[in-house]
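Take a look at the structure set out below.
There are 2 protein chains.
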Amino acid sequence: MMNFNYYTPTRVVFGRGTLDQTGELVKAQGAKKVLIHYGGGSAKRSGVLDRVKESLAAAGVGYAELGGVVPNPRLSLVREGVELCRREGVDFLLPVGGGSVIDSAKAIGYGVANGGDVWDFYDFKRTPAACLPVGAVLTIAAAGSEMSDSSVITNEDGWVKRGISSDLCRPRFAVMDPELTMTLPPYQTASGCVDILMHTMERYFNGQAEPMVLTDALAEGLMRTVIDASHVLVREPDNYAARAEVMWAGSLSHNGLTGCGTGGGDWSCHKLEHELGGLFDVAHGAGLAAVWGSWARYVLDADPARFARFAEKVLGVEPGADDTETALRGVAAMEGYYRSIGMPTSLRELGVEPTEAQIEELAEKCAVTVHGRMGAVKTLRKGDMAAIYRAAR
Amino acid sequence: MMNFNYYTPTRVVFGRGTLDQTGELVKAQGAKKVLIHYGGGSAKRSGVLDRVKESLAAAGVGYAELGGVVPNPRLSLVREGVELCRREGVDFLLPVGGGSVIDSAKAIGYGVANGGDVWDFYDFKRTPAACLPVGAVLTIAAAGSEMSDSSVITNEDGWVKRGISSDLCRPRFAVMDPELTMTLPPYQTASGCVDILMHTMERYFNGQAEPMVLTDALAEGLMRTVIDASHVLVREPDNYAARAEVMWAGSLSHNGLTGCGTGGGDWSCHKLEHELGGLFDVAHGAGLAAVWGSWARYVLDADPARFARFAEKVLGVEPGADDTETALRGVAAMEGYYRSIGMPTSLRELGVEPTEAQIEELAEKCAVTVHGRMGAVKTLRKGDMAAIYRAAR
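Note that the protein sequences, when read in sequence, are chains S and G.
Be aware that the first sequence starts at 15, since it is given in our numbering, and climbs by one per residue.
Be aware that the second sequence starts at 15, since it is given in our numbering, and climbs by one per residue.
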């Protein structure tokens, strides 16, 4: 097993009614004026924004606000946020939403706390030295950004989607009320569950000869829990317990816990999806589901025992004659699971039909961001990436 | 499921060779002069203390030192540490050891950062408002104090053992090198494994009608991992992987993770053991093993389904005719496990034979600290506590 660092300083306040603690949590951080950052109209319509404002007012904390964050959040709005924060003297960022909103707030935090153009950090030209503090009010269980060190932003100039990681941006607190996620449409709920599963799967398929037994046990328990809860949510979108399981799993799946001792994990599917999401603006989790099976079949021969273990421990697949057979059954079972919750297992089902030229463009963009190679299970180069995109069509 | 807070700000640096990062970690906290706090001669003999001092010197951090911490750490040494820190201008506490040493450091931290007598906090007369920052170098996997909010101290005046909990004392960092635990004697290793298991078992037996599925899955995976690894360590005390599994499980078992959504847990066995440890100075984990079976049989009828689930999921017990039969088989299997790693399942095996008067004294001390009643599975009063002590003889 590999050495590891684990750092999850976020104060989690979880459960019914916790939204109303937001103001006190912000005040405890010493903030004077926050930026309430959010997406479309749902936060307004649901009354969540009003409750946040009331809670801030009760705690005597001022605010500015900036809505309009979209899935695959845009650099232009980040830049607008940076200017707004400087103009208004904002000293704390309060995203109210899901991963896109939180990631956008983190990017604003980098922009405000460092000079120069914020895209430099996402273009790997500079490393951020600081970040304005962030506290999250979570309304979508998916990205895990409420506890994670990562932020993913899309630059409209070239539609490039890039993510960076730094402990500087880990939220100071996260308010997680599962009731706030009950009105999410089924597609978004399912897409979130895939994203949560993939954050652990990327770490679970890690190419290590001897992964940590405890980490595997936690990862497998988490994945089984999400799969079971996602099935419940197909039938009962307002099942509080299932919403809570998924929400907490979303945080634990991307705060580092399920990667301890694994050496970091694979992350190829995330890279493949990031470029897809940049070019076609698809839902992140759905994009991951669409490419995962093709990735798995492409790399499976490099570690059939691991895929066989996944098949048995997570999906309850009956073992076949050998690891490869069990592994292939597991990939098919996982695709069956994706379909059962309404998720795609191909680009076509995702609603995307890239041309050959676009596949080359996707693979090229992918390769550039990873210095030509990626993957822990099997090293993938540009040609491999294009082959996986093609197989996923 | 219950609402919960989760806060684990400790920066974990885990693996081979991490000890030499201690100086840089202290420096990053802005410390100018630390108190190196430790136990007996083993930290000196093993060379760990010298490596810590070299690491501090390389980082340009000064130090004072105070050894002599014993299991069930004493109030008198805590008071000595408080005076020493004030005299020497210490601004950071660096315990090098296991839970006793870290708990003692936390108590010193409370003493330095607040006025008055430090025992007031443990006697529930005052609540600490601050704590000098602590960073831990862990050499014994057991108590989980390296990430926990708790500190347990024994007052020699009356031999009263008391614990308090506050986020203020959670260590800023924890250096965890499993190699440092390889020279622990078998009894101490096994006792540590029991303590780790019990930190999750106390949370797992929680009296909730609908505990969190994810928390149960994580808890069960953790307990299975510790049981398997402890068996390996009986045969191979220097098995790095097993030492690492146990060490990381020790932190996760008491940082709050395995209690999320459970409402807090039971903690009766810990209370029963605390008074035993205060009066007879036994190893904490061994004391827990000695009382657990008697506690379990005493309360089992209040929640047979939960004990049956534990039997099947954690111990792999074949189910009996009903939950009670499965549950009883599970208790027997757990006692068999304790014996298999050299742990006692009764007070006599623990080496303690309390008189009737001493049992009344233990129950009385226990009852006083919990305002007359304790337990989430079943409410226990003084008479129940005495009955469990008696059954454990």
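Cβ coordinates follow ideal geometry from the N, Cα and C atoms, glycine included.
Note that this is a predicted model, so its numbers are computed, not measured.
Checklist entry - Relative to the alpha-carbon of D295 (chain S), which residue among S:W173, S:A143, S:I373 has its alpha-carbon at the smallest distance? => result In the first sequence, the residue the question calls residue 295 (chain S) occupies position 281. Here the closest residue by C-alpha is S:W173.
Checklist entry - Are N17 (chain S) and G31 (chain G) closer than 9 Å when you measure CB to CB? => result Along the first sequence, read from residue 1 onward, the residue named residue 17 (chain S) stands at position 3. Along the second sequence, read from residue 1 onward, the residue named residue 31 (chain G) stands at position 17. The answer is yes: Cβ separation under 9 Å.
Next on the checklist: Alpha carbons only, please: which of G:C145, G:V84, G:M196, G:G270 is nearest the one belonging to P251 (chain G)?
Outcome noted: Position 237 of the second sequence, counting from 1, holds the residue named residue 251 (chain G). Of G:C145, G:V84, G:M196, G:G270, the residue nearest in Cα terms is G:M196.
Checklist entry - Where are the beta strand (DSSP E) runs, 3 residues long or more, that stay fully inside the region 79-128 of chain G, in chain order? => result If you keep only unbroken beta strand (DSSP E) runs of at least 3 residues inside the region 79-128 of chain G, you get 106-111.
Checklist entry - For V27 (chain G), which residues from the same chain have a beta carbon less than 6 Å from its beta carbon, with the 5 sequence-adjacent residues on both sides left out? => result Counting from one through the second sequence, the residue named residue 27 (chain G) turns up at place 13. Counting only residues of its own chain and dropping the five nearest sequence neighbours on each side, V27 (chain G) has a CB closer than 6 Å to the CB of Q35, V189.
Checklist entry - In chain order, what residues of the same chain lie with their CB nearer than 6 Å to the CB of F135 (chain G), ignoring the 5 residues before and after it? => result What you label residue 135 (chain G) is simply residue 121 of the second sequence in a count that begins at 1. If the five residues before and after F135 (chain G) are omitted, its C-beta is found closer than 6 Å to the C-beta atoms of Y124, P142, I178, all from its own chain and listed in chain order.
Checklist entry - If you count every other CB in all the chains shown that lies within 10 Å of the CB of T369 (chain S), and 16 or more means buried, which is it? => result To locate residue 369 (chain S), count along the first sequence from 1; it is residue 355. With fewer than 16 Cβ atoms within 10 Å of its Cβ, T369 (chain S) is classed as exposed.
Next on the checklist: Would L271 (chain G) and T229 (chain G) be called neighbours here (beta carbons separated by less than 9 Å)?
Outcome noted: For the purposes of this step, residue 271 (chain G) is identified with residue 257 of the second sequence, where counting begins at 1. For the purposes of this step, residue 229 (chain G) is identified with residue 215 of the second sequence, where counting begins at 1. Yes, they are a contact pair.
Checklist entry - Does the region 145-156 of chain S come close enough to the region 255-265 of chain S that 3 or more CB-CB pairs lie under 8 Å? => result Inter-segment contact for the region 255-265 of chain S and the region 145-156 of chain S is present: three or more beta-carbon pairs are separated by less than 8 Å.
Checklist entry - What distance in whole Å lies between the Cβ atoms of E287 (chain G) and H298 (chain G), which are believed to be in contact at a cut-off of 8 Å? => result As a first step, residue 298 (chain G) is located in the second sequence; it is residue number 284 there, counting from the start. As a first step, residue 287 (chain G) is located in the second sequence; it is residue number 273 there, counting from the start. That pair is a contact at about 6 Å.
Next on the checklist: Give the list of continuous alpha helix (DSSP H) stretches no shorter than 4 residues that lie fully inside the region 297-374 of chain S.
Outcome noted: Counting whole runs of 4 or more residues, the region 297-374 of chain S contains the alpha helix (DSSP H) stretches 298-313, 318-327, 337-354, 361-364.
Next on the checklist: So if DSSP puts T168 (chain G) in a beta bridge, which residue, or which two residues, is it bridged to?
Outcome noted: Locating residue 168 (chain G) in the second sequence gives position 154, where the first residue counts as 1. In the DSSP output, where bridge partners are listed per residue, T168 (chain G) has G:R88, G:K175.
Checklist entry - Alpha carbon to alpha carbon, what distance is there between G61 (chain S) and L394 (chain S)? => result Taking the first sequence and counting its residues from 1, the one referred to as residue 394 (chain S) is at position 380. Taking the first sequence and counting its residues from 1, the one referred to as residue 61 (chain S) is at position 47. Roughly 46 Å separates the two Cα atoms.
Next on the checklist: Does F138 (chain S) come out as helix, strand or coil in the three-state DSSP assignment?
Outcome noted: Reading the first sequence from its first residue, position 124 is the one you call residue 138 (chain S). Residue state, collapsed to three classes: coil.
Item to check | Nearest-angstrom Cα separation, counted from I355 (chain G) out to A121 (chain G) | outcome: Translated into the one-based positions of the second sequence, residue 121 (chain G) becomes position 107. Translated into the one-based positions of the second sequence, residue 355 (chain G) becomes position 341. Taking the straight line joining both Cα atoms gives about 32 Å.
Checklist entry - Taking 9 Å as the CB-CB cut-off, is V328 (chain G) touching chain S? => result Along the second sequence, one-based indexing puts residue 328 (chain G) at 314. Answer no: the Cβ-Cβ gap between V328 (chain G) and chain S never drops below 9 Å.
Item to check | The beta strand (DSSP E) enclosing R30 (chain G), as first and last residue numbers | outcome: If you number the second sequence from 1, residue 30 (chain G) lands on position 16. Judged by DSSP secondary structure, R30 (chain G) falls outside any beta strand (DSSP E); it is assigned neither H nor E.
Next on the checklist: Would W133 (chain G) pass as an interface residue toward chain S - the criterion being a Cβ-Cβ separation below 9 Å?
Outcome noted: As a first step, residue 133 (chain G) must be located in the second sequence, where it is residue number 119. Chain S, which has no Cβ nearer than 9 Å to the Cβ of W133 (chain G), makes this no.
Next on the checklist: Determine, for F18 (chain G), whether the minimum Cβ-Cβ distance to residues of chain S falls below 9 Å.
Outcome noted: Indexing the second sequence from 1 puts residue 18 (chain G) at position 4. F18 (chain G) counts as touching chain S.
Item to check | Local Cβ density within 10 Å of H284 (chain S), reported as buried at 16 or more and exposed below that | outcome: As a working note, residue 284 (chain S) is residue 270 in the first sequence. The residue in question, H284 (chain S), is buried, as its Cβ has 16 or more Cβ neighbours within 10 Å.
Item to check | Same chain, Cβ closer than 8 Å to A401 (chain S), neighbours up to 5 away in sequence not counted | outcome: The residue you call residue 401 (chain S) lines up with position 387 of the first sequence. The answer, listed in chain order, is Y312.
Item to check | the region 202-233 of chain S: positions lying closer than 9 Å to chain G by Cβ | outcome: Near chain G, meaning a CB-to-CB distance below 9 Å, the residues of the region 202-233 of chain S are E224, M226, V227, L228, T229, D230, A231, L232, A233.
Item to check | Every unbroken alpha helix (DSSP H) within the region 205-240 of chain S, with a cutoff of 4 residues, ordered by chain | outcome: If we require 4 residues or more, the region 205-240 of chain S turns out to have no alpha helix (DSSP H) run fully inside it.
Item to check | Nearest-angstrom Cα separation, counted from G344 (chain S) out to A322 (chain G) | outcome: By one-based count along the second sequence, residue 322 (chain G) stands at place 308. By one-based count along the first sequence, residue 344 (chain S) stands at place 330. Within the model, the alpha-carbon separation for A322 (chain G) versus G344 (chain S) is close to 30 Å.
Checklist entry - Of all the residues that make up the region 29-43 of chain S, which are near chain G by a beta-carbon distance shorter than 9 Å? => result Answer in chain order: G29, R30, G31, T32.
Next on the checklist: If you reduce the DSSP assignment to three classes, tell me which class V151 (chain G) lands in.
Outcome noted: What you label residue 151 (chain G) is simply residue 137 of the second sequence in a count that begins at 1. Residue state for V151 (chain G) is assigned as strand, using DSSP reduced to three classes.
Item to check | DSSP three-state assignment for H268 (chain S), whether helix, strand or coil | outcome: Reading the first sequence from its first residue, position 254 is the one you call residue 268 (chain S). Looking at H268 (chain S) - three-state DSSP - the assignment turns out to be coil, as it is neither helix nor strand.
Next on the checklist: Please confirm whether D242 (chain S) has its beta-carbon closer than 9 Å to some beta-carbon of chain G.
Outcome noted: Position 228 of the first sequence, counted from the first residue, corresponds to residue 242 (chain S). Yes, D242 (chain S) counts as interfacial toward chain G.
Next on the checklist: Can you list, in chain order, the residues of its chain with a C-beta nearer than 6 Å to that of S159 (chain S)? Leave out the 5 residues immediately preceding and following it.
Outcome noted: Residue numbering aside, residue 159 (chain S) sits at position 145 when the first sequence is read from its first letter. Around S159 (chain S): G113, I116, D117.
Checklist entry - For P251 (chain G) and chain S, any beta-carbon pair shorter than 9 Å? => result Position 237 of the second sequence, counted from the first residue, corresponds to residue 251 (chain G). P251 (chain G) is outside the set of residues whose beta carbon lies under 9 Å from a beta carbon in chain S.
Next on the checklist: Can you check which of these residues, S:G95, S:S56, S:E326, is closest to I50 (chain S) by C-alpha distance?
Outcome noted: Against the first sequence, residue 50 (chain S) aligns to sequence position 36. For the set S:G95, S:S56, S:E326, the Cα lying nearest the Cα of I50 (chain S) is the one of S:G95.
Checklist entry - Hey, quick one: how far does the alpha helix (DSSP H) through A405 (chain G) stretch, first residue to last? => result Indexing the second sequence from 1 puts residue 405 (chain G) at position 391. 396-405 is the extent of the alpha helix (DSSP H) around A405 (chain G).
Checklist entry - Cβ of V227 (chain S) within 9 Å of Cβ of A347 (chain G)? => result Translated into positions along the first sequence, residue 227 (chain S) becomes position 213. Translated into positions along the second sequence, residue 347 (chain G) becomes position 333. No, the Cβ-Cβ distance between V227 (chain S) and A347 (chain G) is not below 9 Å.
Checklist entry - Exposed or buried, which one is Y353 (chain S) when buried takes at least 16 other CB atoms within 10 Å? => result Your numbering for residue 353 (chain S) matches position 339 in the first sequence. For the record, residue 353 (chain S) in the displayed sequence is Arg; it is not Tyr. Counting the other CB atoms within 10 Å of its CB gives R353 (chain S) a total below 16, which places it among the exposed residues.
Checklist entry - Would you call the CB atoms of P23 (chain G) and T22 (chain S) closer than 9 Å? => result Working through the second sequence from its first residue, we reach residue 23 (chain G) at position 9. Working through the first sequence from its first residue, we reach residue 22 (chain S) at position 8. Using a Cβ distance threshold of 9 Å, P23 (chain G) and T22 (chain S) count as a contacting pair.
Next on the checklist: Quick check on H268 (chain G): buried or exposed, where buried means 16 or more other Cβ atoms within 10 Å of its Cβ?
Outcome noted: Position 254 of the second sequence, counted from the first residue, corresponds to residue 268 (chain G). With 16 or more other Cβ atoms within 10 Å, it is buried.
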